[in-house]
Every structure is written in structure tokens, then in C-alpha cells.
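For the record, the sequence lines run as chains A and B.
For the first sequence, the numbering used here assigns the number 345 to the last residue and increments by one with no breaks.
For the second sequence, the numbering used here assigns the number 690 to the last residue and increments by one with no breaks.
First comes the structure, then the notes that go with it.
Number of protein chains: 2
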Amino acid sequence: MNERKRRILQAVVEDYIMTAMPVGSRTISRKYLQEISSATIRNEMSDLEELGYMMQPHVSAGRVPSAKAYRLYVDMLMASGLNPIKEDKAAREYFLQRVSHLDDVVASTAQVLSDFTHYVSLVMMPGQADLCIATLHLVPVSRAMALLVIVTDGGIIRDTMVHVADSLDTDALYAISRMLTDRFAGKTLKEVRRKLREFAASAPADPQVLQGIEELSDRMARENATDTITVSGTHNILNFPEYHEAEKARPVLSVLENRERLMQIIKTAATRDGTDLAVHIGPETGIPEMENCSVVLAEYTVGQGNRGTIGIIGPTRMPYARVLNTLRLVGDALSLVLTGGEQAE
Amino acid sequence: MNERKRRILQAVVEDYIMTAMPVGSRTISRKYLQEISSATIRNEMSDLEELGYMMQPHVSAGRVPSAKAYRLYVDMLMASGLNPIKEDKAAREYFLQRVSHLDDVVASTAQVLSDFTHYVSLVMMPGQADLCIATLHLVPVSRAMALLVIVTDGGIIRDTMVHVADSLDTDALYAISRMLTDRFAGKTLKEVRRKLREFAASAPADPQVLQGIEELSDRMARENATDTITVSGTHNILNFPEYHEAEKARPVLSVLENRERLMQIIKTAATRDGTDLAVHIGPETGIPEMENCSVVLAEYTVGQGNRGTIGIIGPTRMPYARVLNTLRLVGDALSLVLTGGEQAE
DNA sequence: GTTAGCACTCTCGCCCTCCGAGTGCTAATC
DNA sequence: GATTAGCACTCGGAGGGCGAGAGTGCTAAC
Numbered sequence: 001m002n003e004r005k006r007r008i009l010q011a012v013v014e015d016y017i018m019t020a021m022p023v024g025s026r027t028i029s030r031k032y033l034q035e036i037s038s039a040t041i042r043n044e045m046s047d048l049e050e051l052g053y054m055m056q057p058h059v060s061a062g063r064v065p066s067a068k069a070y071r072l073y074v075d076m077l078m079a080s081g082l083n084p085i086k087e088d089k090a091a092r093e094y095f096l097q098r099v100s101h102l103d104d105v106v107a108s109t110a111q112v113l114s115d116f117t118h119y120v121s122l123v124m125m126p127g128q129a130d131l132c133i134a135t136l137h138l139v140p141v142s143r144a145m146a147l148l149v150i151v152t153d154g155g156i157i158r159d160t161m162v163h164v165a166d167s168l169d170t171d172a173l174y175a176i177s178r179m180l181t182d183r184f185a186g187k188t189l190k191e192v193r194r195k196l197r198e199f200a201a202s203a204p205a206d207p208q209v210l211q212g213i214e215e216l217s218d219r220m221a222r223e224n225a226t227d228t229i230t231v232s233g234t235h236n237i238l239n240f241p242e243y244h245e246a247e248k249a250r251p252v253l254s255v256l257e258n259r260e261r262l263m264q265i266i267k268t269a270a271t272r273d274g275t276d277l278a279v280h281i282g283p284e285t286g287i288p289e290m291e292n293c294s295v296v297l298a299e300y301t302v303g304q305g306n307r308g309t310i311g312i313i314g315p316t317r318m319p320y321a322r323v324l325n326t327l328r329l330v331g332d333a334l335s336l337v338l339t340g341g342e343q344a345e
Numbered sequence: 346m347n348e349r350k351r352r353i354l355q356a357v358v359e360d361y362i363m364t365a366m367p368v369g370s371r372t373i374s375r376k377y378l379q380e381i382s383s384a385t386i387r388n389e390m391s392d393l394e395e396l397g398y399m400m401q402p403h404v405s406a407g408r409v410p411s412a413k414a415y416r417l418y419v420d421m422l423m424a425s426g427l428n429p430i431k432e433d434k435a436a437r438e439y440f441l442q443r444v445s446h447l448d449d450v451v452a453s454t455a456q457v458l459s460d461f462t463h464y465v466s467l468v469m470m471p472g473q474a475d476l477c478i479a480t481l482h483l484v485p486v487s488r489a490m491a492l493l494v495i496v497t498d499g500g501i502i503r504d505t506m507v508h509v510a511d512s513l514d515t516d517a518l519y520a521i522s523r524m525l526t527d528r529f530a531g532k533t534l535k536e537v538r539r540k541l542r543e544f545a546a547s548a549p550a551d552p553q554v555l556q557g558i559e560e561l562s563d564r565m566a567r568e569n570a571t572d573t574i575t576v577s578g579t580h581n582i583l584n585f586p587e588y589h590e591a592e593k594a595r596p597v598l599s600v601l602e603n604r605e606r607l608m609q610i611i612k613t614a615a616t617r618d619g620t621d622l623a624v625h626i627g628p629e630t631g632i633p634e635m636e637n638c639s640v641v642l643a644e645y646t647v648g649q650g651n652r653g654t655i656g657i658i659g660p661t662r663m664p665y666a667r668v669l670n671t672l673r674l675v676g677d678a679l680s681l682v683l684t685g686g687e688q689a690e
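Here is the structure:
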């Protein structure tokens, strides 16, 4: 795998990203590497095919890069440092403008992302387990039911229904709320779960409430961030040439509607090395229906280092450099809005 | 427009609903109306075409019913009373089972609806303005920010962020919460808006809080029920033969992602006469992109007569009788769950 | 008013052909 | 030994022609 092969591979990937058509040796020679003849390129491409970097749809067609090729391409991109973002400032301005005067930051960020890229976008809030609790509140809903509202340091609000003892009225619930807040403020949900049993033993609280909290923490752990994923621009997948026939697109759309499967995508991402950008190409997503899709993810921070995820789902044939830059940009801006704008205590 | 024409029209509609293929006179004569010859049917169909009930894609093809034809067909259905629901009991059982052990009733109802029908489903909560308030709570979020939680008599919870005076601490907010609850419990949001000014004059409350409430009621009025629409099964539109090419499907998908436009659909529905079932065929939806779609809506009730909407979006070529029955059934069951199951105080 | 028969139309699927893009191989060149 | 020019070969896809079939409208008979 010499330098020349690498340059040819890069040319193939880039041309295919642009045109969506199999790339021939002549094209490469004319458009990208004039100093090398098409015959030489043919030989090299033959080698590259043998190495698994590309293949031919049929004998007399050009080559199409494989997932392995995209992988190498993206790694090259990452290694060589991404381009400095040129239109950084204007784009950030635009983002801040669009997001700030809309109520729901998450939804509008998703919207902006899919508008920017013309792909499918997803925005996930930080995992609840890692969020730091600011206050806890029990709000009576009906007899024996209360709404547990948890406000975190990033100003993110999560709530869940819990059962409580029949006998507890509004004032009693308020007292309990205060006690819980005293006890747990500043802790993460994860810690709360750990300390719950010990707290149950020591505190003079209604066992019903404790059971409620137990239930809550279970539920929080279970649903994790399932319901805080927002997806936008799903209709864009119909623009990809590879999904022009509805038959192909349906399974993917179906995955995009299913929050658990989306979580799965992000989960597999989280296991990768500690950078805040991640690219999953085709099979790497772990979802068979998406073998022709890539997922690009970036992290953003809320409050004291809690991390949420934003991402783009598009065809493997995707302008990675552009998408990566967009995600970095939006991720930064989002961190700013969520940490700076609605700063906690 | 005699009886025979009507029967022929019905046959055309039903056959087209089943097969999605233009219907010829011979087909009608053999499959539906043996006692009439194909030639007669041809003549009648020619008349029907002139009346605007059907048209031919090309000269040598059968007829395809127009929106006007579906309209008549549906009205006939409605007039003749819908079939008694046969599998009523089993289906209701199934629905209750699926919905009850899932947390989010709205989301799972939408899921069930699209699973049942294989169409796109939507579920909308009752308009907030008509909901009856059970309790109000202010939960501190950060300095000068609080979460206003409103619990309604159907156990539905809505919350919004409001600005409050810097000086208010948790206890002060709690006191205000109690006062607000005393004042407004049992009233609808609409009434609250009306009484707000008079309340401002009489009560000894922090002007900041009042402004917050003002802001809240504005916001509630503005966003109405925008963010309580849930859509499920959008990928199903790719199954309709009429949307097999991605080009056709994209605009529709795009509409389905846009909450305001969905609201628009339901709004136009609300203006129709006072039945709790409504069918909008093609152009009647008021959305150009959906001229080949129909929307079927049903209402359900929460608490003391507050009405939400569930609906199905499918191709105009849709088994209306079946869909209407399904919606009635699910609507009933949902009313039961929301009013009976989580009954308020 | 209804029906049988018939000529006519038009789409769709099929096959065939041809064109061109692209390859691999071989032989010549540096 | 690497590179390149040349050439024969392959194969998909566009385009054209053909026939079958479905359906119609019209006319004439009942």
C-alpha cells in the first residue's frame, strides 16, 4: 500500500462521493492525477480491488469504493486534521439566530442540522445517569400519584410519574421534596441510585416514597435517554440515489422511527476511542438495514462536562469532511447555548 | 344519478381500493354486478366520468375513481351506519394490553394504530386551552428561572419554563404555587387567561411572577397543542403503490415531519360538522402535497369532555370502513384509559 | 333501454440491436 | 522492472420494434 495507491484511492472515493457513479481509470487519470496514465491506474486499481478497497458492480463498469475504503479515507482525513472551518463565523451566527428564538433547543438544532446537510440528523440529550441534580420536586398529580421533576445543572428537566402513599398531601410532598433536594443536590443520578438503599435505612421517610424513588431510578436507568432523541429530516434519505426505490428506503426509515435502535447506533459509537467525533461506516453501525449508510457523531457538553450527542445519518457516499466540520461547528455552538445561555445556579 | 350508477360507482371504488388498478367494465360485470352486461356498465361509466366521479389514465385503460367518488362512497358508508365491529372485543383487549404496560400512552397508541392499519397514524392530545387545571406548581430550575408544571384533570402534564424574580427562593415559589393552585384549580386554561389581569390587580404577588404567568399563558395559547402531536409509521407510506417512487413520497414525508402543517390538517377537520369521525379526501385536506392522500380522524375524550384527536393518513385508495372502525375502537379504548385508568382526584 | 359484436387505441412487456464505457492483457518503451 | 500505448473483449443500458391484451366507443340488433 504505497503513496500512489493511497492517492488513487482518495481520488476514487472523492469522485464517487460527488457523482455516485462507478469511477473508471480514465476518469481518475484525467480529472485527478494527470501525471499517471490510465493503464497504470488500472493496474493499481486491480490491486486495490484485491485488497478489498473497491469493487466493480459489473465487469465493464468502473470501481465503487468499499466500506474499508471509506474507513481509510476518513482516518486520513482525521489524521491530517480537518480543514480549518472557513465559514465558521457566519454559520455559527446563523445557527445561534435560528436556535435562540425557538423554544425547543433540541428540536430546532435537529432541524438546523438536517437543513445544513440535507441528511437525516439526530440530537440526543446527555444521558440522565451522568447529569448532576440541582433540585428534586414532587408535584401531586392525583391521589397516590405524583410527578417527580428533576432539574439538572444544565437546566435540563426530566420528569417521571411515581406512586406515593395515599396519605401524602401537597405539603407533605413538599417537605419530602426539600429533604430529597438537600440530600441529593450535586450528585449524579448514578450516585443517587447507589446511595438509595443506604438512604432508605437512615432517613425517616415514607416507605412508599422510597419505593417510588427506587422505581424512578430503575425507570431512569432503563429508559436512559431513550425519549430524548430527536430525529429530523428523515425524508432526506429519499434524495440519496441509493434509496431512490422505495423498497430500499423503507427498512431504513423504519429503523429511524425506532428509538431503541437509534440508541443502539449511538451506543456502539460510545465505545470507540475518546475523541468527540466518531464516524461509523456501513456495517460498522451494527445495523444490517443500514449497511449502505454512515453515521457521523459529535459530542457536545452541557453544564459541568455532561455530554450529549448530535449526529448525521447519510449514505456511505457522503462528503465526510464537510459533515464533520458542520457537526463540530454545531456541537460547539450548542454547548455554548446550553452551558452559557441557560447557566445553572 | 340513479341507483344503478351508484352501485357501479361503489363497485369501482371498492375494486380500486383492493387492487390499485384501473377498473374496467368487464371486471365490474363479472365480479360485482353479474345481472348487468359490461356494455351497459360501459355506458354508465361514461356518464359517471362526465359527472366527474372517475377518469381514465389513458384511453384504453379502465377507470379510476376521483376524490368526488370517494366522498360519495364515504358518505354512503356513514349514512348506512358503519358495520358493527366484529372483532371489537379481541382488538380492544389487545389494545389495552399493548398500551397499559407502556409508559407513554400517546406514543404507544400511535404505534398501535399504525401497526393495526399499516398506515401513518397521528395522535394529538386535547388542546391545552380546554383542559381543566388540577394543580399548578413552580419548580426552581436556576436563578430567575422556574418550571411551571400544570397537572390537568385527565392526569395530563404540561410544563413550561418561566422567568421569575431573582429574589424568589424555593419556599417562596412554593407559597406562590399554593396560591395559584387555590386560585385556579378547576378552571380551564382559557379561563385562566381571561382572569389573569383581574388577578394581577387583586393579589399581592410578585410582578415578576405575574409577568411569568402572562408569558406562559401566551406561550400556551401560541403553541396550543403543537408539541403534543405524535406521528408513527411514516415509513408505511412507501408501501402505497402510489408512492413507490421516492420522488412522489418525499413531499408527503416532508409534510409529516412538520408539526404546523399537521395541525393545519386537523384544524380544517375541526371545522366540519359535529360528528366525532371525519374523513378528508385528497384536496379536502387543504394540503397540495397530499392530494393523493386521505385523512381519517376520530376524537376521544379526556376527563370532563376534553377532546383529543387520533387519525390515520393513507392513500385516497383506502379501506375506509375498516379504518373508520379501527379509529372508533381505538378512540373509545383510549378515552377509557385516559379517563378511567388514571382518574384525577 | 339493453346488449352483443367489432374495430380501434394504447400501454406494457419482450426481444433485439447497438453503442460506449471500462477492463485486462500484451507488447513496446523508458 | 516499472510504465504506457494499443487492442480485443465484456457487458449494461438506451432505444426501437413487435405482439398481446385490456378496455373503450360505436353501431346495430333485440
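Beta carbons: idealized from backbone N, C-alpha and C, even for Gly.
DSSP on residue i, reduced to helix/strand/coil?
i: Ser-66 of chain A; result: coil
i: Pro-471 of chain B; result: coil
i: Ala-570 of chain B; result: Bear in mind that the predicted position of Ala-570 of chain B carries a pLDDT of just 48, short of 50, making it unreliable; the figure below should be weighed with that in mind. Three-state DSSP puts Ala-570 of chain B in coil, outside helix and strand.
i: Thr-654 of chain B; result: strand
i: Val-404 of chain B; result: coil
i: Ser-121 of chain A; result: strand
i: Thr-661 of chain B; result: coil
i: Leu-422 of chain B; result: helix
i: Arg-362 of chain B; result: A small fix is needed here, since residue 362 of chain B is Ile in this sequence, not Arg. Three-state DSSP puts Ile-362 of chain B in a helix.
i: Met-54 of chain A; result: strand
i: His-625 of chain B; result: strand
i: Tyr-377 of chain B; result: coil
i: Ser-453 of chain B; result: helix
i: Leu-238 of chain A; result: helix
i: Glu-592 of chain B; result: helix
i: Leu-427 of chain B; result: coil
Grab me the residues of residue i's own chain with a C-beta within less than 7 Å of its C-beta, minus the 5 sequence neighbours each way, in chain order.
i: Ala-185 of chain A; result: Ile-133, Ala-134 and Thr-135
i: Leu-253 of chain A; result: Thr-234 and Ile-237
i: Thr-364 of chain A; result: The displayed coordinates of chain A run from 1 to 345. Any statement about residue 364 of chain A would go beyond what the structure contains.
i: Val-151 of chain A; result: Ala-134, Thr-135 and Ile-157
i: Val-255 of chain A; result: Arg-261, Ile-287, Glu-289 and Met-290
Going by the beta-carbon positions, is the gap between residue i and residue j smaller than 9 Å?
i: Ile-373 of chain B; j: Val-357 of chain B; result: yes
i: Val-634 of chain B; j: Gly-627 of chain B; result: In the sequence as presented, Val is not what sits at residue 634 of chain B; that position holds Glu. Taking 9 Å as the Cβ cut-off, Glu-634 of chain B and Gly-627 of chain B do not qualify as a contacting pair.
i: Ala-436 of chain B; j: Thr-671 of chain B; result: yes
i: Met-55 of chain A; j: Arg-63 of chain A; result: yes
i: Gly-676 of chain B; j: Leu-467 of chain B; result: no
i: Ala-146 of chain A; j: Leu-113 of chain A; result: no
i: Glu-359 of chain B; j: Tyr-377 of chain B; result: yes
i: Tyr-300 of chain A; j: Leu-277 of chain A; result: no
I think residue i touches residue j, with their Cβ atoms under 8 Å apart; what is that distance to the nearest whole Å?
i: Ile-611 of chain B; j: Thr-575 of chain B; result: Contact flag wrong, Cβ pair sits at about 13 Å.
i: Asp-166 of chain A; j: Arg-143 of chain A; result: 6 Å
i: Leu-683 of chain B; j: Val-450 of chain B; result: 7 Å
i: Pro-485 of chain B; j: Thr-526 of chain B; result: Not quite, the Cβ-Cβ distance comes to about 17 Å (not below 8 Å), so this is no contact.
i: His-589 of chain B; j: Ala-249 of chain A; result: About 10 Å separates the two Cβ atoms, so there is no contact after all.
i: Ser-577 of chain B; j: Gln-456 of chain B; result: 5 Å
Below 6 Å CB to CB, which residues in the same chain sit around residue i once its five sequence neighbours on both sides are set aside?
i: Arg-416 of chain B; result: Ile-626
i: Ile-362 of chain B; result: Arg-662 and Pro-664
i: Lys-68 of chain A; result: Gly-52 and Tyr-53
i: His-137 of chain A; result: Val-149 and Ser-177
i: Gly-369 of chain B; result: Gly-407
i: Leu-297 of chain A; result: Ala-269, Ala-278, Thr-309 and Gly-311
CB-CB under 8 Å to residue i, same chain, minus the five flanking residues each way: which ones, in chain order?
i: Leu-422 of chain B; result: Tyr-665, Ala-666 and Leu-669
i: Glu-49 of chain A; result: Met-55, Gln-56 and Arg-63
i: Met-21 of chain A; result: Gly-62
i: Gln-264 of chain A; result: Gly-286 and Ile-287
i: Lys-5 of chain A; result: Glu-44, Asp-47 and Leu-48
Got a sec: does the ligand ADP put a non-hydrogen atom nearer than 8 Å to the Cβ of residue i?
i: Met-290 of chain A; result: The ligand ADP is absent from the structure shown, which contains no ligands of any kind.
Those runs of the alpha helix (DSSP H) which lie wholly inside the stretch 477-542 of chain B and span at least 4 residues: Counting only runs of 4 or more, we get 515-529.
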